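As numbered in full-length UniProt numbering, residues 1 to 141 make up the sequence shown, in order.
We treat Cβ as the ideally placed atom computed from N, Cα and C, and that holds for glycine.
None of these values were measured; they are calculated from a predicted model.
Encoded as structure tokens, the structure appears first; notes follow it.
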Amino acid sequence: MTKTPRELAETMLGCIDKGDWAGVMAITSPDYVVHEPPELPFGGDWKGQDALIRLFPHVWSYWDDVVVDRLGILTDENYFCLQLRMTMTSKLTGNRISTSLAETTRCVDGLMVEYTIHYHDCALVAREAGPPRPGAVKLEG
């Protein structure tokens with residue numbers, strides 16, 4: 001039996017909390033893509049079943065003391081949307097910032113296939129993160 005979008009969201013969050021990246025990959029399509037806003041230094045499309053594994057440490061490399069508050073999960077038959085608040089300290093400026101996010105994931109046949117991240121204040125995040133860092137592998141997994 002395939003997982004519903006709510007079950008996928010809960011499984012993904014539980015696996016991330018435990019650092020169980022194999023568990024995340026087990027519910028991720030081989031054609032998975034994460035869309036980060038292009039104006040961010042870690043922006044663009046991160047493709048492949050291991051996209052989150054590559055993306056998370058790269059995003060976190062811009063910040064210290066990251067706190068992610070999970071505010072809610074909204075679902076329908078094909079999507080889940082995580083409502084979050086991120087509070088973090090910029091490694092570039094030392095400023096402590098906070099912004100809300102909506103992360104929308106499209107699900108097909110019990111797998112996550114597309115993940116789009118929307119920051120409430122993308123300009124603030126871009127300014128505090130600073131310029132892109134070399135070494136991130138976005139397009140190939």
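Collapsing the DSSP output to three states places residue 58 in a helix. Spatial neighbours of residue 2 in its own chain (CB-CB distance under 7 Å, excluding positions within 5 residues in sequence) are listed in chain order as 109, 110.
Following the DSSP letters along the chain, one finds residue 18 in no beta strand (DSSP E) but inside the alpha helix (DSSP H) bounded by residues 5 to 18.
By the criterion of a C-beta distance shorter than 8 Å, residue 84 is surrounded in its chain by 68, 69, 70, 71, 100, 101, 102, 103, once the five residues flanking it on both sides are discounted. For residue 1, no alpha helix (DSSP H) segment is defined, and its DSSP state is neither H nor E.
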